[in-house]
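Enquirer: Under the numbering used here, the residues of the sequence shown are numbered 4 to 613, in order.
C-beta: ideal position from N, C-alpha, C; glycine also.
The structure under discussion is supplied below as structure tokens; questions concerning it will follow.
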Amino acid sequence: MATRDTLTPKEAQCSSGAEYAALALEALQEPADAAYARELMDRVADDCQFTKDLAACAIVYQALGEQGRAEELLQTAEDYCMSGEEQVALAEAKFKVLGDKAAAVGAYEKALKETGNLDPLIALAKNVMNVIADSAFAKKVLEKAETKISRAVEYGKLAAAAAEHVLDKEYAATIFNKAAEKLSSVPDLLSLAGEVTKTLGDPQKAKALYQRALEGATDFAAAKTLIDSAKQAGDAAFMQAALKKAGEMASATGEYIELAEGLAGVGDKTGAAALLDKAEDAVAGLDEMQKLVAAVEAHLADDAERLDRVKAKLEKRQANHARYMEFQQLEKDAVSVKQFLALADRVRLELEDPFYAAKLIESAEKLLDGTGYQYSRYKPVLLAVDKNLDDTGWLSRLLDRAAENATDFIAFKDLVVTAAQLKHRELGVSKARAYLAAREAALAADAHASVYDTAKLAEASFAATQDAAEASRLLEAARAQAGDHFALIHIGRLYASIGNSARADELYAAAAAACPDGDACIQFIDRLKGFALPAEVLKKWYAECGAHLSKPADKLRWAEGIADALNDKTWATEAYAQLAGQFGGADAARFEFSRRSHADLNFYGAVRRH
4 MATRDTLTPK EAQCSSGAEY AALALEALQE PADAAYAREL MDRVADDCQF
54 TKDLAACAIV YQALGEQGRA EELLQTAEDY CMSGEEQVAL AEAKFKVLGD
104 KAAAVGAYEK ALKETGNLDP LIALAKNVMN VIADSAFAKK VLEKAETKIS
154 RAVEYGKLAA AAAEHVLDKE YAATIFNKAA EKLSSVPDLL SLAGEVTKTL
204 GDPQKAKALY QRALEGATDF AAAKTLIDSA KQAGDAAFMQ AALKKAGEMA
254 SATGEYIELA EGLAGVGDKT GAAALLDKAE DAVAGLDEMQ KLVAAVEAHL
304 ADDAERLDRV KAKLEKRQAN HARYMEFQQL EKDAVSVKQF LALADRVRLE
354 LEDPFYAAKL IESAEKLLDG TGYQYSRYKP VLLAVDKNLD DTGWLSRLLD
404 RAAENATDFI AFKDLVVTAA QLKHRELGVS KARAYLAARE AALAADAHAS
454 VYDTAKLAEA SFAATQDAAE ASRLLEAARA QAGDHFALIH IGRLYASIGN
504 SARADELYAA AAAACPDGDA CIQFIDRLKG FALPAEVLKK WYAECGAHLS
554 KPADKLRWAE GIADALNDKT WATEAYAQLA GQFGGADAAR FEFSRRSHAD
604 LNFYGAVRRH
């Protein structure tokens, strides 16, 4: 309860008319001491020279019932008014002294024109609501403030003012929506989400902002801020998502372990296990290995296989700490696939640590990923997995990817042969047969597949599996497609390569019979010469080819082939002798020239002598 006795000591703290006016208004509270209030005003009113002081005194005189004196001071206050801040004081006085809301709004309009920053504009809107309770004008003030801001904290402050002081949550929501459209950085979105929760109490709207922040995080530091925000929000689902996102950005064992513990804390053991997998791969020292074992014991103790594995790794590191440090330095220095794979071989042989070897091979594979698939480049990785690890899942993935990309015959044959010869033989042979079967089905469905495609498949099949019966089945399918001597010769050669010389001879005989003319016979023998057959065998097949010819011109061309292709002048002489008399007219001259140039051993020498 304020009385003259309690208020008088406060006079010493007053230094302006406005401060004395505030003390006078306090004196007018129950039990009111109007005399003391008037005494205070009479003491300072005539000396006031600033609008704020004059307006404050006018309000007190109006409260004392001295309307004339109040209006006199108010007019002086208006005459002296120069700044936006003074217009605010004038507006309040006009409303309280004159009861003129329109005049007050006029003063507020002038104040609005003079005010340009966020905090003063919020203060102005608050004053408008406190004095004239005009929410429309207060919103107008905040709308001007809206044009002056760009940061999340500013949007949050403005929206809070709209909800708290203007009592317009709908407008506050609009402010947040506009902010959400303009802001994109993770810190801004998180700040905005927190303000939405605090101001609007709308978890769904805040969740949408958290989700955008989650999607926008591109580094570990940003992802960590997500976790901090999730803690403040108390949102378990968002916390789980934030921890997983941070897990994608983390790179060190300690980071992975910390995040895994967080996921375990929200009940996500699967996510925790995935992060502890990454932690295991990233271990860079004995202390980190010890921390990993402790984390597994604390959060995944029921995963016996994992626990045994990490304990085994710890024992190895404890026993070979110096060697591990040496290898880890070599790992840091490695920059090529070859270096990582060579290091993996050494780790397997010298440390007998398949887990570390696997990490090194994975590093080699990652160097290749994203560079465009080439089987020849991935093959060393595949062989390293087969040689150093017992990981059939990884091996299967590498083989299947190679099969998907083996579009040409050379790569396909190399793949199935490599697969069938792997150390993991059962898996390799099974995969090779599966790829061969898939390629056969694809050829059967391809209207453009040729006899040579089927023959190549037979060749690849035998090279991979050494299964002559299966290769023969495919070669018979190719035989059914063969339509000329070229294809028949090719199939015959493949039969010979799998050890079936009898069937090869049958195909060579069929090829000889399929030669339609002398040129074809020469093509036939040229192909057979490429198979490194004995001279007598070549002569046999060439003779058989010639036996199928009936036209003298074709036989003549065939005879020329004896000399040109087989370089057998004696046989050529005999052949020409058999053909003599079968040509007349111009053909006789053609025959004689051919005979002399191919079978007459002295032809070129005689010409030179002339």
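Nearest-angstrom Cα distance between Thr200 and Thr228?
Expert: Rounded to the nearest angstrom, the two C-alpha atoms are 17 angstroms apart.
Enquirer: Can you tell me which of Ala514, Ala414 and Leu582 puts its alpha carbon nearest to the alpha carbon of Leu531?
Expert: Of Ala514, Ala414 and Leu582, the residue nearest in Cα terms is Ala514.
Enquirer: Return yes when the Cβ of Tyr511 is within less than 8 angstroms of the Cβ of Ile528, no when it is not.
Expert: No, they are not a contact pair.
Enquirer: If you measure between the beta carbons of Phe343 and Ile364, is that distance less than 8 angstroms?
Expert: The answer is yes: Cβ separation under 8 angstroms.
Enquirer: For Asp571, name the three-state secondary structure that DSSP assigns.
Expert: In the structure shown, Asp571 sits in coil (DSSP, three-state: anything other than H, G, I, E or B).
Enquirer: Entirely within the segment 268-352 and at least 4 residues each: give me those alpha helix (DSSP H) ranges in chain order.
Expert: The segment 268-352 contains these whole alpha helix (DSSP H) runs: 272-285, 289-302, 307-322, 324-336 and 340-349.
Enquirer: Please state the DSSP three-state secondary structure of Asn391.
Expert: Looking at Asn391 - three-state DSSP - the assignment turns out to be helix.
Enquirer: Rounded to whole angstroms, what is the Cα-Cα separation between Val432 and Gln469?
Expert: Rounded to whole angstroms, Val432 to Gln469 spans 11 angstroms at the Cα level.
Enquirer: Can the beta-carbon of Leu569 be found less than 8 angstroms from the beta-carbon of Leu541?
Expert: Yes; because the gap between Cβ atoms is below 8 angstroms, this pair is in contact.
Enquirer: If we ignore side chains and look at the alpha-carbon of each, how far apart do Arg598 and Gly533 end up?
Expert: Going by the C-alpha atoms only, they are around 27 angstroms apart.
Enquirer: I need the DSSP call for Lys151, collapsed to helix, strand or coil.
Expert: Correct three-state label for Lys151: coil.
Enquirer: Drop a sphere of 10 angstroms on the beta-carbon of Ser475, count the other beta-carbons inside from all chains shown, and report buried for 16 or more, exposed for fewer.
Expert: When all chains shown are included, Ser475 counts as buried.
Enquirer: Ala614 and Ala285: beta carbons closer than 8 angstroms?
Expert: Nothing in the structure corresponds to residue 614, since the chain is present only between 4 and 613.
Enquirer: Where does His613 sit, in a helix, a strand or coil, going by DSSP?
Expert: Confidence in His613 is poor, its pLDDT being 37 and thus under 50, which makes the residue's placement unreliable; the coordinate value appears in the next sentence. Residue state, collapsed to three classes: coil.
Enquirer: Do Glu107 and Ile125 have their C-beta atoms within less than 8 angstroms of each other?
Expert: Per the sequence presented here, residue 107 reads as Ala, with Glu not at that position. It is not a contact, given that the beta carbons lie outside the stated cut-off.
Enquirer: Should Gln424 be counted as a contact of the ligand NAP given a C-beta to heavy atom distance under 7 angstroms?
Expert: This structure lacks the ligand NAP, and indeed carries no ligand of any kind.
Enquirer: Leu24 to Asp56, Cα distance in whole Å?
Expert: Note on identity: in this sequence residue 24 is Ala, with Leu being the wrong assignment. Ala24 and Asp56: Cα-Cα distance of roughly 8 angstroms.
Enquirer: Below 8 angstroms between beta carbons: does that hold for Tyr111 and Ala94?
Expert: Yes, these two residues count as a Cβ contact at 8 angstroms.
Enquirer: Assign Leu31 to one of three DSSP states: helix, strand, or coil.
Expert: Residue state, collapsed to three classes: coil.
Enquirer: Assign Asp238 to buried or exposed, taking buried as 16 or more other Cβ atoms, counted over all protein chains shown, within 10 Å of its Cβ.
Expert: When all chains shown are included, Asp238 counts as buried.
Enquirer: Am I right that Arg215 and Leu192 are in contact with their C-beta atoms under 8 angstroms? What's the rounded C-beta distance?
Expert: At roughly 5 angstroms, the Cβ-Cβ gap stays under 8 angstroms, so Arg215 and Leu192 are in contact.
Enquirer: Roughly how many whole angstroms lie between the Cα atoms of Gly159 and Val269?
Expert: For Gly159 and Val269, the distance between alpha carbons rounds to 30 angstroms.
Enquirer: DSSP state of Cys524, grouped into three classes?
Expert: The answer is helix: DSSP assigns Cys524 an H, G or I state.
Enquirer: Helix, strand or coil, according to DSSP, for Thr410 in the structure here?
Expert: If DSSP states are grouped into helix, strand and coil, Thr410 belongs with coil.
Enquirer: Hey, quick one: how far does the alpha helix (DSSP H) through Gly250 stretch, first residue to last?
Expert: Note, Gly250: alpha helix (DSSP H), Ala239 to Met252.
Enquirer: Just how far apart, CA to CA, sit Glu22 and Ala253?
Expert: Computed Cα separation, rounded: 59 angstroms.
Enquirer: Am I right that Val100 and Leu77 are in contact with their C-beta atoms under 8 angstroms? What's the rounded C-beta distance?
Expert: With 8 angstroms as the limit, Val100 and Leu77 qualify as a contact, their Cβ atoms being about 5 angstroms apart.
Enquirer: Using a Cβ-Cβ cut-off of 6 angstroms (strictly less than) and excluding sequence neighbours within five positions of Gly87, which residues of its own chain qualify?
Expert: Ala114, Glu117 and Thr118.
Enquirer: Starting from Ala437, trace the alpha helix (DSSP H) both ways and give me its first and last residue.
Expert: Residues Arg428 to Ala448.
Enquirer: Name the residue from Phe358, Gly257 and Pro383 whose alpha carbon lies nearest to the alpha carbon of Leu370.
Expert: Looking at the Cα atoms, Pro383 is the closest of the given residues.
Enquirer: Under three-state DSSP, which class holds Tyr359?
Expert: The answer is helix: DSSP assigns Tyr359 an H, G or I state.
Enquirer: Can you give me the Cβ contacts of Tyr378 inside the same chain, cut-off strictly under 8 angstroms, excluding the 5 residues immediately before and after it?
Expert: These residues qualify, in order along the chain: Ala405, Asn408, Ala409, Ala414, Asp417 and Leu418.
Enquirer: When burial is assigned at 16 or more other CB atoms within 10 Å of the CB, is Thr457 buried or exposed?
Expert: Its Cβ being crowded by 16 or more others within 10 Å, Thr457 is buried.
Enquirer: Can at least three beta-carbon pairs, one atom from the segment 61-80 and one from the segment 28-46, be found at a separation below 8 angstroms?
Expert: Taking 8 angstroms as the limit for Cβ pairs, the verdict is that the segment 28-46 does touch the segment 61-80.
Enquirer: Rounding to the nearest angstrom, what Cα-Cα distance links Gly204 and Arg7 in this structure?
Expert: Between Gly204 and Arg7, the C-alpha separation is close to 47 angstroms.
Enquirer: Would Tyr455 and His493 qualify as a contact pair, given that the criterion is a beta-carbon distance under 8 angstroms?
Expert: The answer is yes: Cβ separation under 8 angstroms.
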